[in-house]
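> Below is the structure I would like to discuss, written out as structure tokens.
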Amino acid sequence: MEGRSLTPILKKIIPALITIAIVAWLYKFYGAWAYTIKNLAEFFRLTLEHLLLVIISMAAAVTVGVGLGTLMTRKGFDRLSPALMGVVNIWQSVPSLGVIALAYGFLPLLGMSGIGVVPALIALFFHAVAPIVRNTYAGIQAVSKDVIEAATGMGMNQKQILFRIELPNALPVIMGGIRTSTAIIVGTAPLAFLIGGGGLGFWIFTGIALMDMGIMMAGAVPVALIAMLADSALARTEKIVVSKGIQAEEYQVAM
Amino acid sequence: MNIMLKLENVTKIYPGAEHIKAVDDLSFDLPEGEICTVVGPSGCGKTTAMKMINRLIPMTSGKIYVDGQNINRLDTIELRRNIGYVIQNIGLFPNMTIAENIAVVPKMKGWDKDRIIERAESLLELINLPPEEFMDRYPRELSGGQQQRIGVARAMAADPPIMLMDEPFGAIDPINREHLQNEFLRIQEKVKKTIVFVTHDIDEAIKMGDKICLLKAGKLVQFDAPEKMLTEPANDFVRDFLGGDRTLKRLNLLKLKAAMRPDPVVIMQGASPAKAKAMLDDLKVDHLIVVDEEKRLLGYVNHQALQKEAEEIGKVTRSTDSFMLASSSLKDGLSEIFTHDLGYLIVVDDDKKVLGVLDTEDIREILRR
């Protein structure tokens, strides 16, 4: 039994270890490690900026995304939903660089600066919000009509149905949207540097401009680490907040 | 008797289909503690009629009274919390444990925690699912039949006087359905709820109903006790709907007690063989039923058994399986008569006391009535 269950773990772990070893070696080989140690204060500042870009834009995106996605399922709004979903879907297909460029181009038309941290946050927010709206809407729509009918027939009011039945049962799908968004945003945040948003993008683009692999990797590797840590943190959160009655079976076995 | 549910000229016309009355001038009274099965061909308005009672569907005109109160004067939410509701597809909340599912309505009604837990445990015991095993499990871990039992328990959680059940056993396989029906009737014996039970299955309607409400195209065709409907169908539609085996269906409904010949000739186990022989000859019968001092069934004796030497017939009594509880259905009884040795059935009570006998002639007799 133990031997059999060990194989898939090994299959997962060995490629990961090999990848980490190669990246670590390259990181050291190109001098990224040395560069980071030499500029440690700047490293922490850029990482902090990067984290703030991600956390602030994600917090706003989760709030607005879940709110809007929920609103779209409510009576009265549901007639607008197909049109809104169309907009959301088109919006989601705009590439990351495009979103940054749009912020740079459009915000001045609204009388705001197109350069700096705020435009970067706005761009990231708009980029992050689409998958969350979409998944929240789809997740609530997917809650069984029988369950809703039973809840209504038992005398739950609209608010109770939303908070005790619809949202808890849609949570795995909503969390899926949040994880997708987070992955996209951690990866897009370096582009914020292009419109003066700061963050680890500074080292990445400097490295590219100077054709210095070391500086580039000193920025890129932490970005990848943040993406991985964020995703595993969210996976853990999901396991805590999602009811065991609706968690995917694989999570339960893994526990 | 207290009328718990009263429908008065209830009519439903769906917007966009003004020329069709989904429910057309429906009136009936349902006394407290009775099950009314609502049955009819699909599209006859039976589910619509039921859902107007807890106002899941607003009625177009007419009045519905629950325990004397006009439901349109009550708060919808409050009304629903006082009416148990079971649907065909169960609709357990997948994110909640079994205990949490059962607790939903009591919680909304503000019961304290201990009382809710106590209630959940006693309900699980009532439906034969051990609480310690099931309280903390989730719906998806249960079989369909178990889930539906939880659905019923959940509907009864806050002890509502009225329950609405929309084809509750419709999605269950036939063997489990029969089991659930019997179990539900057993529970109903104890809790005596007033129940509106929608079904499309006439056999289920006959079995479960104290009254059957037969609808056709929204109109009430006949509202009667099953036995009455089977013996006196109001028209050809009812006759057709009940099916050609209408008379046989009554077998399911009638109990042995109704058809048996009471107080049969019996003989005490202490009696002498001579007396038994004399009785057999006098009565011109093949066997005599032997009982003890409490009139409990021991077996029978016939001429062959009496050929053996014995001081009292208790020693030569032959045992028999040809007996049944008075509360069994005639259908089961008939089957036993054909299976067993005596050619007739001895009807007994729970203590195995002899109440009467029953043969095929008696069954013919009662069916001809």
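Same order as they appear, the protein sequences are chains A and B. Just so you know, we're using the numbering used here here: the first sequence kicks off at 1 and counts up by one. Just so you know, we're using the numbering used here here: the second sequence kicks off at 1001 and counts up by one. Glycine is no exception: its CB is placed at the ideal position from the N, C-alpha and C atoms. Model, not experiment: these values are computed from the prediction.
(1) CB-CB under 8 Å to ILE1013(B), same chain, minus the five flanking residues each way: which ones, in chain order?
(2) Report all residues from its chain with a CB closer than 7 Å to the CB of ARG179(A); omit the five preceding and five following residues, and keep chain order.
(3) Within 8 Å (strictly less), CB to CB, does TYR251(A) reach chain B?
(4) Return the residue from the list GLU1189(B), ALA1274(B), LEU1297(B) and ALA1155(B) that minimises the CA-CA distance to GLN1372(B).
(5) Tell me which residue opens and which closes the beta strand (DSSP E) that ASP1362(B) is part of.
(6) Since GLU1018(B) is in the beta strand (DSSP E), which residue starts that stretch and which ends it?
(7) Which term fits GLY1324(B), buried or exposed, when burial requires 16 or more other beta carbons within 10 angstroms of its beta carbon?
(8) State buried or exposed for VAL1316(B), treating a residue as buried only when at least 16 other CB atoms are found within 10 Å of its CB.
(9) Taking CB distances under 8 Å as the criterion, tell me whether ILE1087(B) reaches chain A.
(10) For the segment 1092 to 1103 of chain B, list every residue whose C-beta sits within 8 Å of some C-beta in chain A, in sequence order.
(11) Could you spell out where the beta strand (DSSP E) holding LEU1283(B) opens and where it closes?
(12) Measuring alpha carbon to alpha carbon, tell me which of ARG164(A), LYS244(A), LEU51(A) and LEU200(A) ends up nearest MET1108(B).
(13) Do you know offhand how far ILE132(A)'s Cα is from ILE184(A)'s?
(14) Going by the DSSP bridge assignment, what does VAL1266(B) pair with across the sheet?
(15) Starting from LYS1063(B) and walking both ways along the beta strand (DSSP E), at which residues does that stretch end?
(16) For a test of the three-state rule: what should DSSP assign to THR1320(B), helix, strand or coil?
(17) Out of curiosity, what's the CA-to-CA distance linking HIS1179(B) and LEU1126(B)?
(18) What three-state label does DSSP hand ILE1087(B) in the structure shown?
(19) Does DSSP classify TYR1138(B) as helix, strand or coil?
(20) Starting from the beta carbon of TYR1138(B), find every residue of chain A whose beta carbon is closer than 9 Å, and list them in chain order.
(21) Looking at VAL1301(B) and HIS1287(B), is the spacing between their C-beta atoms short of 8 Å?
(22) In the DSSP assignment, the beta strand (DSSP E) including LEU1342(B) goes from what residue to what residue?
(23) With a threshold of 8 Å between beta-carbons, can VAL1105(B) be considered close to chain A, or not?
(24) I want to see whether chain B comes within less than 8 Å of GLY155(A), judged by CB atoms only; does it?
(25) Cβ atoms of PRO222(A) and THR47(A): under 8 Å apart, would you say?
(26) Look at the alpha carbon of GLY187(A) and the alpha carbon of GLU1141(B), and state the distance between them as a whole number of angstroms.
(27) Which residues bound the beta strand (DSSP E) around THR1011(B)?
(28) Can a CB atom of chain B be found closer than 8 Å to the CB of MET255(A)?
(29) Assuming ILE1057(B) contacts LEU1030(B) under a Cβ cut-off of 8 Å, what Cβ separation, rounded to an integer in Å, is found between them?
(30) Where LEU80(A) and LYS1216(B) are concerned, what is the direct C-alpha to C-alpha distance, given to the nearest angstrom?
(31) Can you pull the chain B neighbours of VAL117(A), defined as C-beta to C-beta under 7 Å?
(32) List in chain order: all unbroken beta strand (DSSP E) runs of 3+ residues lying wholly within the segment 1161 to 1218 of chain B.
(33) Please list the partners that ASP78(A) has in chain B, where partner means a Cβ-to-Cβ separation under 9 Å.
(34) Looking only at C-alpha atoms, which of VAL1104(B), ARG1073(B) and GLN1146(B) sits nearest to GLN160(A)?
(35) With a threshold of 8 Å on Cβ separation, who are the neighbours of ASN1089(B) within its own chain once the five nearest residues in sequence on each side are excluded?
(36) LEU51(A) and ILE226(A): beta carbons closer than 8 Å?
Straight from the coordinates:
(1) Once the five neighbours on either side are set aside, the close Cβ partners of ILE1013(B) are ILE1020, LYS1021, ALA1022 and THR1060.
(2) ASP231 and LEU234
(3) Only weak support exists for where TYR251(A) lies, its pLDDT of 43 falling under 50; the value from the coordinates is given anyway. For TYR251(A), the answer is no, since every Cβ of chain B falls outside 8 Å of its Cβ.
(4) The question about residue 1372(B) has no answer, for chain B in this structure spans 1001 to 1369.
(5) ASP1362(B) -> not in any beta strand (DSSP E); alpha helix (DSSP H) instead, spanning 1360 to 1368.
(6) Segment: none, GLU1018(B) is in no beta strand (DSSP E) and carries neither H nor E.
(7) For clarity, residue 1324(B) is Met in the given sequence; the question names Gly instead. Per the 10 Å Cβ criterion, buried.
(8) buried
(9) yes
(10) LEU1092, PHE1093, PRO1094, ASN1095, MET1096 and THR1097
(11) Note, LEU1283(B): premise wrong, no beta strand (DSSP E); alpha helix (DSSP H) at 1273 to 1283.
(12) ARG164(A)
(13) 12 Å
(14) ILE1289(B)
(15) 1061 to 1066
(16) coil
(17) 14 Å
(18) ILE1087(B): coil per DSSP, three-state reduction.
(19) coil
(20) SER243, LYS244, GLY245 and ILE246
(21) Yes.
(22) Counting along the chain, LEU1342(B) falls outside any beta strand (DSSP E), and DSSP gives it neither H nor E.
(23) yes
(24) yes
(25) yes
(26) 39 Å
(27) 1003 to 1012
(28) Interpretation of MET255(A) is limited by its pLDDT of 33, a score under 50 that renders its predicted location unreliable; the figure taken from the coordinates is listed afterwards. Chain B contact via Cβ: absent.
(29) Contact doesn't hold; Cβ gap of about 19 Å is too wide.
(30) 39 Å
(31) Neighbours of VAL117(A) on chain B: none; closest Cβ ~39 Å, over 7 Å.
(32) 1162 to 1166, 1194 to 1198 and 1211 to 1216
(33) Within chain B, no residue comes near ASP78(A); the closest Cβ sits about 18 Å away, beyond 9 Å.
(34) VAL1104(B)
(35) Within the same chain, and ignoring the five residues on either side of ASN1089(B) in sequence, the residues whose Cβ sits closer than 8 Å to its Cβ are ALA1171.
(36) yes
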